[in-house]
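Here the structure comes first, spelled out in structure tokens, and everything after it is commentary.
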Amino acid sequence: MNKHAGAAQWDPSPNNLEPFWMGFTPNRAFKKKPRLIARAKDMHYYDMTGRPVLDATAGLWCSNAGHCRDRIVEAIQKQAGELDFAPTFQFGHPKVFELSSRLANLAPGDLNYAFFCNSGSEAADTALKIALAYHRAKGQASRTRLIGRERGYHGVNFGGISVGGMVANRKFFGTMLAGVDHLPHTYNRAEQAFTKGEPTWGAHLADELERLVALHDASTIAAVIVEPMAGSTGVLPPPVGYLKKLREICDKHGILLIFDEVITGFGRLGYPFAAERFGVIPDMITFAKGVTSGAIPMGGVMARQHIYDAFMSGPDHMIELFHGYTYSGHPIAAAAGVATLEVYKEEGLFERALKLEDKWADAAMTLKGKPHVADIRTMGLVAAIDLNSIDGSPGKRGYDAMEKGFHDFGIMLRITGDTIALSPPLIIKEEQIGEIFEDKLPKLLAAI
Ligand SMILES: Cc1ncc(COP(=O)(O)O)c(C=O)c1O
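And the structure:
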């Protein structure tokens, strides 16, 4: 389809679906039968005909406050009219300082500093770069090795895919970063199937870090990065005690611990950050998504006092960290962030997620025994349903669930392979939990 070959072969209409190359999407299937969304409000999307679709995924784990919330929309509109852009290299603007202070108050322990970027992927790479530069600033430049985890997801940039452990996200992209190793993932169906919350089996897997230290020597290792609860790989809550053990081993060997909280931050697990829920303070936390309830791109890294302090030396006029993005702390994103945090606080949405957790988990577990269901895991306002794969066609049943969910059952689902992941906005009503687990999903499971 060469667009210069003549209009007969190339549809020049502005609504032609062809030119948009969609990420993480089978383009040909989508364009044959598109799932187009025209607008959204609170718990619902609406398709082009005005048909409501219940959002069981907060968009893409983002819209924790629900959609098109007046306060966030107004903050964005006001900021766009007042200060559309200002650099945060060598200059600043009030909203980004206000948001930083609020995030520092929200984060546990002495995670007192916010470094901004525009996405979760950039946040992961930013945290990894800060870890390397930190050790160099401390006179330990040999600490260059980064450790991730199998089945981890830290976005799609080179740092993130290197420490990440989702095979399809890695195998096409060459050698990635050198000097990376991985912990084993923590999922074992035989030991953990149908667990609500943290499984009791698996804390010993943190000891694998000792093995990696013995192999590489602590003096070569800069940081360990994990999601406190792995999300994109299909929701793997951490085993009881696992994260505390990781913290202890990192402390013992002078290794930095980074929690990727791009999904788990901002109330998803009933707390501002999962670090608080698990009683473990990492050296850095990455965030994105929920910081603006998905209304505008923003990501960032919270860093502890000792991390920031390590850079604050040298002549006053010298830049301390040679990193940043043109849109780091963009005024409109910062305004959206401040408004979003106000909504979370005033509506008590994090507490709400915690209060609903048992009801949510119980409702999800009622799907045990329904057609194709192999395992169910829950934590906070998150649930994953593993479906048995169709023989010879892995991923097809999951795809069908998502596709039919949208077109036939009015529900937006997230899938990874044959796993359905649910993570609704935190404003979900109890009757909507019923709608998902008692009505839409049982019917859908019978139809795929
Ligand atoms: C834990 C984690 N880290 C990083 C990312 C990447 O975020 P983004 O898509 O905003 O780059 C995601 C996205 O789902 C994520 O779940």
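Read in UniProt numbering, the sequence shown has 443 at position 443, and its numbers run on one by one without any break. C-beta: ideal position from N, C-alpha, C; glycine also. All values derive from a computational prediction rather than experimental measurement.
In the three-state DSSP reduction, T366 falls in the coil class, being neither helix nor strand. Taking the C-beta atoms as reference points, M284 is found nearer than 8 Å to M302. In the structure shown, Y271 falls within a coil segment according to DSSP collapsed to helix, strand and coil. In the DSSP assignment, A401 falls within the unbroken alpha helix (DSSP H) covering 396-409.
Counting only the Cα atoms, S119 lies some 22 Å from E74.
The stretch 226-268 is shown to contain whole alpha helix (DSSP H) runs of 4 or more residues at 242-253, in chain order. Remark: the C-beta of I263 is in contact range of ligand 1, defined as less than 7 Å to any heavy atom. A direct Cα-to-Cα measurement between F322 and T88 gives close to 13 Å. A residue is listed when its beta-carbon falls short of 7 Å from at least one non-hydrogen atom of ligand 1; in chain order these are L60, W61, S119, G120, S121, E122, A123, A124, Y153, H154, G155, V156, G160, E227, G231, S232, D260, V262, I263, T286, A288, K289, G299.
K41 is bridged by DSSP to H44. DSSP, reduced to helix, strand and coil, places R145 within a strand of the structure shown. Under the 8 Å Cβ criterion, the stretch 161-174 does not count as touching the stretch 129-144, having fewer than three qualifying pairs. Taking all protein chains in view, the Cβ of R39 is surrounded by fewer than 16 other Cβ atoms within 10 Å, so the residue is classified as exposed. In this chain, the beta strand (DSSP E) harbouring G300 covers 299-303. Excluding residues up to 5 positions away in sequence, F437, E438 lie with their Cβ nearer than 8 Å to the Cβ of T366 in the same chain. In the displayed model, F91 falls within coil according to three-state DSSP, outside both helix and strand.
I255 and N112 have their C-alpha atoms some 20 Å from each other.
A direct Cα-Cα distance of roughly 10 Å separates H154 from F259.
Put simply, the backbone Cα of A364 is about 7 Å away from that of I376. L54 is a Cβ neighbour of I411, given a cutoff of 8 Å. In the DSSP assignment, D125 falls within the alpha helix (DSSP H) that extends over 120-137.
Three or more pairs of CB atoms, one per stretch, sit closer than 8 Å, so the stretch 66-86 contacts the stretch 336-345.
In this model, I332 and E403 are separated by some 34 Å (Cα to Cα). Assigned with DSSP and collapsed to three states, T292 falls in helix.
Sixteen is the threshold: since fewer than 16 other Cβ atoms of the shown chains lie within 10 Å of the Cβ of K32, the residue is exposed. Given a length threshold of 3 residues, each whole run of the beta strand (DSSP E) inside the stretch 12-85 is given here in chain order: 37-41, 44-47, 52-55. Look at K196 here: in three-state DSSP terms it is strand.
With 16 or more other CB atoms across the displayed protein chains lying within 10 angstroms of its CB, M229 is buried. Using a 10 angstroms sphere on the CB of S328, the tally of other CB atoms reaches 16 or more, which defines it as buried. Contact annotation: G202 and T419 have beta-carbon atoms that are not nearer than 8 Å. CA-to-CA, the gap between T292 and D207 works out to about 36 Å. Taking C-beta atoms as the reference points, L354 and I427 fail to come closer than 8 Å. Between G231 and P315, the alpha-carbon positions lie close to 43 Å from each other.
A distance below 7 Å between beta-carbons, with the five flanking residues on each side excluded, links Y325 to the following residues of its chain, in chain order: C117, N118, E122.
Taking the Cα of P282 as reference, the smallest distance to any Cα among M48, F24, A127 is reached at A127. Three or more Cβ pairs closer than 8 Å define a contact, and the stretch 98-111 meets that threshold against the stretch 261-281.
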